[in-house]
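**Student:**
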Amino acid sequence: MASSTISSNSTTFIKKDVGLSAFSSSPSSFSVPKTKRRNSRKIVSVMAPQQSPRSPSTTGSVKTAMTMTEKILARASEKPQLSPGENVWVDVDILMTHDVCGPGSFGIFKKEFGQNAKVWDREKIVIIPDHYIFTNDERANRNVDILRDFCTEQNIKYFYDIKDLGNFKVNPDYKGVCHVALAQEGHCRPGEVLLGTDSHTCTAGAFGQFATGIGNTDAGFVLGTGKILLKVPPTLRFVMDGEMPDYLLAKDLILQIIGEISVSGATYKSMEFVGSTVESLTMEERMTLCNMVVEAGGKNGVVPADSTTHKYLEDKTDVPYEPVYSDEQAR
């Protein structure tokens, strides 16, 4: 396990490796300025090493401890037990697409399911134009028009248009960037599976759900079936305890982690963030953590739901949800 610690009695930052090949075998120290805040020993980041895959249990009465991501995917696939590396068909709770990938996804959907086919659930699809807006480029504007046409054809409930088509002015209820809109409009809920045609869909993992980006072909299939085939990722758990200094932000935490494990250090892995430092973060800060897991190659990022999560969602959704948490023995 590799850890980074700061002691209030010293101005020396110690980084020590105890087993990860991504780190140097010899400790290195860096000088950091003293701060006015007096704290006990702070753990900035702790990362568990990669775990070998577990064999799945052979009977229903024998169960192996599971991580959050494994539990979410197990429930969504109606399986009592899952282990890293297994391939399962997963029921999707929310599919999001925008004006970059939406037209392509719709085209694949119509090609494979038929020109007059209907989506699997019009209330589980969220469409948000946020890339090609406010532009004079006719082809870019055409992308947004395709979204409008599809939403009208399919009677999509959650289409956050940029325009009020009644007077062709900017819609005052426009929701902005898709990742922020998903959260603010209550589409992010603990324990659910959320997919989006954007690599940073992993942002929604801050709500204790499985959230990851997919391509147009997968999205076209989900539009017609509400399902996707996924390989269960292994989990890297990052334990962060202590009080954040005033000069550090959530962005600094995730950049530090990526700097230590490298841009490929979490390839097709779930990055789970826990500890008192994480618990002290706002929902927006947790979203910042999860937003950048893809920059380390991560499949998804996830933060356990707690009172901060529930309070944020109080006035944003009336859809019931059921959080899940990693078992203590999960590896």
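Numbering-wise (my numbering), the sequence shown opens with residue 401 and increments by one. Where is the CB? At the ideal position from N, CA and C, for every residue including glycine.
What would DSSP say about D715, mapped onto helix, strand or coil?
**Tutor:** Three-state result, D715: coil.
**Student:** Which residues in the same chain as M671 place their Cβ atom closer than 6 Å to its Cβ, once the five residues preceding and following it in sequence are excluded?
**Tutor:** L636, V693, G698 and G701
**Student:** Out of L495, T497, M466 and Q515, state which residue places its alpha-carbon closest to the alpha-carbon of S483.
**Tutor:** M466
**Student:** Under the rule that 16 or more other beta-carbon atoms within 10 Å means buried, what is H710, buried or exposed?
**Tutor:** exposed
**Student:** Spatial neighbours of G485 within its chain, please: CB distance less than 8 Å, with the 5 preceding and 5 following residues excluded, ordered by chain position.
**Tutor:** P453, K631, V632 and P634
**Student:** Just how far apart, CA to CA, sit N555 and G675?
**Tutor:** 43 Å
**Student:** Is it a yes or a no for the segment 512-521 touching the segment 612-624, going by three-plus beta-carbon pairs under 8 Å?
**Tutor:** yes
**Student:** To which residues does DSSP link R637 through a beta bridge?
**Tutor:** E672
**Student:** Taking 7 Å as the limit between beta carbons, can you name the residues of its chain near K651, skipping five residues before and five after?
**Tutor:** Only T688 meet the Cβ criterion.
**Student:** For F534, which option in R522, W489 and D499 has the closest C-alpha, if you only look at C-alpha atoms?
**Tutor:** D499
**Student:** If we count the other Cβ atoms within 10 Å of its Cβ and call it buried at 16 or more, is S669 buried or exposed?
**Tutor:** Contrary to the premise, residue 669 reads as Lys rather than Ser in this sequence. So K669 counts as buried.
**Student:** Using beta-carbon positions only, say whether A583 and Y712 come within less than 9 Å of one another.
**Tutor:** Contact: yes.
**Student:** Thinking C-beta only, is T603 closer than 9 Å to C690?
**Tutor:** Closer than 9 Å, so yes.
**Student:** Assuming H498 is part of the beta strand (DSSP E), what are its boundary residues?
**Tutor:** Residues I494 to H498.
**Student:** Since I believe I562 is in contact with D506 (beta carbons under 8 Å), could you give me their beta-carbon distance rounded to a whole number of angstroms?
**Tutor:** Looking at the sequence shown, residue 506 is not Asp but Phe. No, F506 and I562 are not in contact; Cβ-Cβ is about 18 Å, not under 8 Å.
**Student:** Quick one: Cα of G610 to Cα of G502, how far?
**Tutor:** The amino acid occupying residue 610 in the given sequence is Phe; Gly does not appear at that position. The alpha-carbon atoms of F610 and G502 are separated by roughly 21 Å.
**Student:** Quick one: residues in its chain with C-beta nearer than 8 Å to the C-beta of R437, no 5 flanking neighbours on either side, listed in chain order?
**Tutor:** The predicted model places R437 with a pLDDT of 41, which falls under 50 and marks its position as unreliable; any figure quoted below should be read in that light. So the qualifying residues of the chain are E643, P645 and D646.
**Student:** At the level of alpha carbons, what is the spacing between V492 and I525?
**Tutor:** Distance between the alpha carbons of V492 and I525 is about 10 Å.
**Student:** Leaving out five residues before and five after I628 in sequence, what residues of the same chain have Cβ atoms less than 8 Å from its Cβ?
**Tutor:** W489, V490, V492, L595, I614, D618, F621 and V622
**Student:** Going by DSSP, which residues form a beta bridge with F550?
**Tutor:** BP columns for F550 are empty, so no partner.
**Student:** Express the C-alpha separation of T552 and G659 in angstroms, rounding to a whole number.
**Tutor:** One C-alpha to the other measures close to 46 Å.
**Student:** On the CB-based measure, 16 or more other CB atoms within 10 Å of its CB, does E538 come out buried or exposed?
**Tutor:** Exposed: under 16 other Cβ atoms inside 10 Å.
**Student:** So which of V639, S664 and A666 has the shortest CA-CA distance to L653?
**Tutor:** V639
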